Amino acid sequence: MTSFDRFGVTERMIREALATALSRGGDFADLFFQHRVGSDVGLEDGAVNRAHASVELGVGVRVVRGDQTGYGYTEDLSLPALLACARTAAAIADGPARPGPVALHVAGGGPDRYPLRRGWEEVATGERVPLLAGLEARAFAADPRIRKVNVSLRSEAGTILIADSTGRIVEDRQPMTVLSLSVLAEDGGRREQNGYNVAGRAGLDFYTPERLDRVVREAVARTAILFEAGPAPAGELPVVLAAGSSGILLHEAIGHGMEADFNRKGTSIYADRIGTAIARPFVHIVDDATGAGQRGAINVDDEGNPAGRTQLVEGGVLTTFLHDAISARHYGVAPTGNGRRESYRHPPLPRMRSTYMLPGPHTRDEIVASVKRGLYCQNFSNGQVNIGAGDFTFYVKNGWLIEDGRLTRPVKDVNVIGNGPKALEQVDMVGDDLEIDEGGWTCGKDGQSVPVSQGLPTVRVARMTVGGRGP
Amino acid sequence: MTLLEISRAAARLALEAGAREAAAGAYRARQVEVGWRDGRVEKVSEATTRGLGLEVYADGRYASVSTSDLRPEALGRLAAEAVALARALAPDPHRRLPDPALYAGRPEVDLELVDPALGALDVPARRRTAEALEAAARAVPGADRIRSVTASVSDSEVESALVHTNGFEGARHGTDAWLGVEVSVQDPDGRRPEEYAASGSRFLAALESPAAVGRRAAERALARIGAVQGASAVLPLVVEARAAGRLVGFLLGPNSAAALQQRRSFLEGRLGTAVGSARLDLRDDPLLPRGFGSRLHDGEGVAARRLAIVEAGVLRHHYVDTYYGRKLGLAPTTGRPSNLLLAPGPRSPRELLREVGEGVLVTGFLGGNSNGTTGDFSLGIRGFRIRGGERAEPVGEVNVSGSHLDLWHRLSLVGDDPYPYSTLRTPTLVLDGVQVAGA
Chain L
134 MTSFDRFGVT
144 ERMIREALAT
154 ALSRGGDFAD
164 LFFQHRVGSD
174 VGLEDGAVNR
184 AHASVELGVG
194 VRVVRGDQTG
204 YGYTEDLSLP
214 ALLACARTAA
224 AIADGPARPG
234 PVALHVAGGG
244 PDRYPLRRGW
254 EEVATGERVP
264 LLAGLEARAF
274 AADPRIRKVN
284 VSLRSEAGTI
294 LIADSTGRIV
304 EDRQPMTVLS
314 LSVLAEDGGR
324 REQNGYNVAG
334 RAGLDFYTPE
344 RLDRVVREAV
354 ARTAILFEAG
364 PAPAGELPVV
374 LAAGSSGILL
384 HEAIGHGMEA
394 DFNRKGTSIY
404 ADRIGTAIAR
414 PFVHIVDDAT
424 GAGQRGAINV
434 DDEGNPAGRT
444 QLVEGGVLTT
454 FLHDAISARH
464 YGVAPTGNGR
474 RESYRHPPLP
484 RMRSTYMLPG
494 PHTRDEIVAS
504 VKRGLYCQNF
514 SNGQVNIGAG
524 DFTFYVKNGW
534 LIEDGRLTRP
544 VKDVNVIGNG
554 PKALEQVDMV
564 GDDLEIDEGG
574 WTCGKDGQSV
584 PVSQGLPTVR
594 VARMTVGGRG
604 P
Chain D
63 MTLLEISRAA
73 ARLALEAGAR
83 EAAAGAYRAR
93 QVEVGWRDGR
103 VEKVSEATTR
113 GLGLEVYADG
123 RYASVSTSDL
133 RPEALGRLAA
143 EAVALARALA
153 PDPHRRLPDP
163 ALYAGRPEVD
173 LELVDPALGA
183 LDVPARRRTA
193 EALEAAARAV
203 PGADRIRSVT
213 ASVSDSEVES
223 ALVHTNGFEG
233 ARHGTDAWLG
243 VEVSVQDPDG
253 RRPEEYAASG
263 SRFLAALESP
273 AAVGRRAAER
283 ALARIGAVQG
293 ASAVLPLVVE
303 ARAAGRLVGF
313 LLGPNSAAAL
323 QQRRSFLEGR
333 LGTAVGSARL
343 DLRDDPLLPR
353 GFGSRLHDGE
363 GVAARRLAIV
373 EAGVLRHHYV
383 DTYYGRKLGL
393 APTTGRPSNL
403 LLAPGPRSPR
413 ELLREVGEGV
423 LVTGFLGGNS
433 NGTTGDFSLG
443 IRGFRIRGGE
453 RAEPVGEVNV
463 SGSHLDLWHR
473 LSLVGDDPYP
483 YSTLRTPTLV
493 LDGVQVAGA
């Protein structure tokens, strides 16, 4: 019925471990079993000549009392090791024992947002090699200035099994793949490097001819334009964010600040602001686990709770925090399916999944045309936020200067800074062209990395600080 | 089985599976963390974890595998899979184990990396330390503006072994212990700025007192109240020792043989030339007693030795591992930095502020990035304006940008305060005439 065999455990072991976890009291306990087989194959200097295969197998035991967490984990899935781990986690509480579950039941009937025709464990290395070699050949053919091409293909076949002290058993199969193409070009003694990557919870058939065309086209175009690009201006300017990966704005400006742990602790700039207007009425922001095959999609979160679509901002009003089980109980609301973790080595935290803004009333052309002098941001490498002060940044790899309503000159390598609530207040135009980016975004928090997606229609922010060095 | 025995067994199994050469490394780590917030324990996490990595060289081809399953029957399967994986790939004439001559001369010194006292520490003791960290933060003047104090007391013990089938065997063993405090304060305008302080050491007894760490975190956070956006200007930057590691770190990636061979380095062709002012002096020291990056051999078994990276501004050595060294025709140094020491100067940070007069004190970076191929960078900063040689109002939402090919020539002064809690031991740095972008 379940993956018990994969983990070499029995129903009785699980019941015993949960009873031990609650042996000193505690409101709640869960076991998070994980098996993840990863494969990386890489091409460098004209040959697919490197590969890494990894196996992660382990269990994390968590005991929760109020907002306190006891945690232990082990790679040894024998009963004595499991019980030792449970005793470690149990020590967070110091009251009389509570009973563990009498019987376990499998929670079924959930969605399947990443059905696979063929799992990655069935795809031989020999089948992956031509994919990489083909991309290299096409990248070299696309521009004679290209000197180096690197391609890497990652795949993961993951299984999680969560058993909690209510007796609920939840399982999920979680595939992931990332393909990345990076090129180095040289022109008149100058060198520039850039690339493109695509990611999804999908199998080998994710790599359709159209998607592979796009990977080559984007990687080469994003590099070639750098030869024409100069530094951005320095100072406060209107900023237009292109549809797609510009969703990094939301991830940093509001997403992290809406994670309920920071609000429960009163340390977020958004704490105490639910129900208040923070943006114009045409601004709607969601965090969505349901996008079929998306990198940020999940069927259930890592606490076994169903994951759906959470409305962060509706009609400009702050509506819902992103909850894990601890914060949901703290606020007396239903969990939102945002309890996620990097692996069995970490307890879950409220995290984003796929964060994006819904389409608005303007068109891309009218947004660009409205700007006298500003920055148009296209591609990004990374971002960061100070949760409490609200200051956030994102690094623009490719962009354009806007002059008199037209894109006039490419710019590169510029950091843009804003303050979360101030920037959202200043979102004064939203396009009708929402795109969810297909890139392999990874979000870091408390030393844990999780895969996420992000998206945005074309958006104008009236003023942000552009960290360039030109006039 | 000991870690060395497990590594030997895995390497032998790889040869039996058909590999010509193999490298195997097993590790075991014990990690304990007590998290504390606003008067009580928030999290206790305790675990022992383990794993094995195996690299195989078969038929002129290379592949690597890693696993957390160290049972003997699983090792045999893993070795066979690794060899099969290598055989599915293209040959690579540059892949082989290091020349055994590089293993020779491993120093026989005690680097003092293991504190036996760690084993005697229990959770209640760590909990008392966490409580003391919070108490110290809440005892500073102005503490009524503190919204939340989060403290963390953590430690770990890591053991590992490495075996190469061409004659290398080595082991490592180290402990470390950390105190950290994050303080969130209420700004009257609604913002809740946060700051942190930390202390870490190989030895428990060498940690700063919880009182000092807690107080420093609270003082740093309270000083952020009323932060304003700085104005755009070209100004001297004084970069605090703790923050300076991020700047210096941008020189390390592009100084690797991998980056150079792949032509993604602004340091290409600059060996023996000035990449900074005469004040820039960077040494890689794997033999620093108690250092977080200290080691007797590197990850390829190469015997540790001190290495001048930059001397009086002149680039002296790249980080060269054996694989990319062969591709480039360069003699290996070491593939990975150990402890990076930036030679300190004679003056305290306070004296440096006085010397600078007008400028920006950088206490931390926010996001931003550096292009390793061209050297262009653009980084968010937070800190303070310097006016009349003193720290003045806190500033945020500002950015600095430039090129590393220019920036390090602007290094005019170096403080006497190398940051001890990192493998990047950078003192306070003064960089003249940097573009600051703000309001």
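So the sequence lines, in the order shown, correspond to chains L and D.
First residue of the first sequence? That's 134 in our numbering, and the numbers climb one at a time after it.
First residue of the second sequence? That's 63 in our numbering, and the numbers climb one at a time after it.
Using N, Cα and C, we set each Cβ at its ideal position, and we do this for glycine too.
It should be emphasised that the depicted structure is a prediction, and the values quoted were computed from it without experimental measurement.
Nearest-angstrom beta carbon gap, residue j and residue i [assumed within contact, 8 Å]
i                : j                : result
Thr488 (chain D) : Leu404 (chain D) : 5 Å
Gly363 (chain D) : Pro160 (chain D) : 6 Å
Gly464 (chain D) : Val300 (chain D) : About 16 Å; that fails the 8 Å criterion.
Leu210 (chain D) : Ser261 (chain D) : Going by the sequence as given, residue 210 (chain D) is Ser instead of Leu. So it is not a contact: roughly 20 Å between Cβ atoms.
Ala222 (chain L) : Gly203 (chain L) : 4 Å
Contacting residues, own chain, Cβ-Cβ under 8 Å from residue i (five flanking each side not counted)
i                : result
Arg53 (chain D)  : It is not possible to answer for residue 53 (chain D), since the shown part of chain D is limited to 63 through 501.
Leu151 (chain D) : Arg123, Tyr124, Ala125
Asn519 (chain L) : Phe525
Val202 (chain D) : Arg277, Ala280, Glu281, Leu284
Asp479 (chain D) : Ala303, Pro406, Ser410, Pro411, Pro489, Thr490
Residue i versus residue j - alpha carbon distance
i                : j                : result
Glu452 (chain D) : Gly419 (chain D) : 7 Å
Pro359 (chain L) : Ala321 (chain D) : Here the sequence assigns Leu to residue 359 (chain L), which means Pro is not the residue at that position. Straight-line Cα distance between these residues: approximately 19 Å.
Val560 (chain L) : Asp537 (chain L) : 20 Å
Glu361 (chain L) : Ala354 (chain L) : 11 Å
Ala376 (chain L) : Thr591 (chain L) : 4 Å
Leu297 (chain D) : Leu428 (chain D) : 19 Å
Lys530 (chain L) : Val547 (chain L) : 7 Å
Ser514 (chain L) : Phe527 (chain L) : 8 Å
Arg250 (chain L) : Asp338 (chain L) : 8 Å
Ser218 (chain D) : Arg169 (chain L) : 25 Å
Phe161 (chain L) : Arg190 (chain D) : 26 Å
Ser315 (chain L) : Ser432 (chain D) : 17 Å
Pro371 (chain L) : Val549 (chain L) : 11 Å
Leu534 (chain L) : Glu369 (chain L) : 13 Å
Arg397 (chain L) : Gly426 (chain D) : 26 Å
Phe439 (chain D) : Thr598 (chain L) : 16 Å
Met134 (chain L) : Gly242 (chain L) : A caution first: Met134 (chain L) carries a pLDDT of 47, below 50, which makes its placement in the model unreliable, though a value can still be read off. When rounded, the distance between both Cα atoms is 13 Å.
Pro316 (chain D) : Glu459 (chain D) : 28 Å
Arg378 (chain D) : Val310 (chain D) : 16 Å
Gly115 (chain D) : Thr299 (chain L) : 38 Å
Glu104 (chain D) : Ala72 (chain D)  : 41 Å
Tyr206 (chain L) : Pro250 (chain D) : 43 Å
Trp98 (chain D)  : Ser214 (chain D) : 6 Å
Contact check, residue i vs residue j, beta carbons under 8 Å
i                : j                : result
Asn512 (chain L) : Pro468 (chain L) : no
Gly472 (chain L) : Glu436 (chain L) : yes
Gly390 (chain L) : Ser401 (chain L) : yes
Val544 (chain L) : Gly429 (chain L) : no
Ala295 (chain D) : Val498 (chain D) : yes
Leu265 (chain L) : Leu286 (chain L) : yes
Ala81 (chain D)  : Tyr119 (chain D) : yes
Cys576 (chain L) : Val563 (chain L) : no
Leu402 (chain D) : Asp343 (chain D) : no
Pro481 (chain L) : Asp566 (chain L) : no
Cut-off 7 Å between Cβ atoms - residues of its own chain near residue i, not counting five sequence neighbours on either side
i                : result
Arg304 (chain D) : Tyr481
Asn552 (chain L) : Gly523, Asp524
Arg447 (chain D) : Gly292, Val422, Ala454, Glu455, Val457
Own chain residues within Cβ distance below 6 Å of residue i, not counting five before or after
i                : result
His479 (chain L) : Gln581
Arg246 (chain L) : Ala425, Ala430, Asn432
Ala226 (chain L) : Arg157, Gly158, Gly159, Arg198
is_contact[residue i, chain B] using C-beta, thresh 8 Å
i                : result
Tyr509 (chain L) : Any reference to chain B falls outside this structure, whose protein chains are L and D.
task: Give a yes or no on contact between the region 385-400 of chain D and the region 272-288 of chain D, applying the rule of three or more CB pairs nearer than 8 Å.
output: Contact fails: fewer than three Cβ-Cβ distances are below 8 Å.
task: Pair every Cβ in the region 75-94 of chain D with every Cβ in the region 105-118 of chain D, then say whether three or more of these pairs are closer than 8 Å.
output: At 8 Å Cβ cutoff, the stretches touch.
query: Pairing CB atoms from the region 128-148 of chain D with CB atoms from the region 176-192 of chain L, are three or more of them under 8 Å?
result: Taking 8 Å as the limit for Cβ pairs, the verdict is that the region 176-192 of chain L does touch the region 128-148 of chain D.
query: Between the region 255-272 of chain L and the region 335-352 of chain L, do three or more beta carbon pairs fall short of 8 Å?
result: Contact between the region 255-272 of chain L and the region 335-352 of chain L is present, because at least three Cβ pairs lie under 8 Å.
field: Given 8 Å, three or more beta-carbon pairs between the region 145-154 of chain L and the region 440-452 of chain L
entry: Using a C-beta cut-off of 8 Å, the region 145-154 of chain L makes no contact with the region 440-452 of chain L, since fewer than three inter-stretch Cβ pairs fall below that distance.
task: Check whether the region 346-360 of chain D touches the region 170-178 of chain D, counting contact only when three or more Cβ pairs, one atom from each stretch, lie closer than 8 Å.
output: Output reads yes: the region 170-178 of chain D touches the region 346-360 of chain D.
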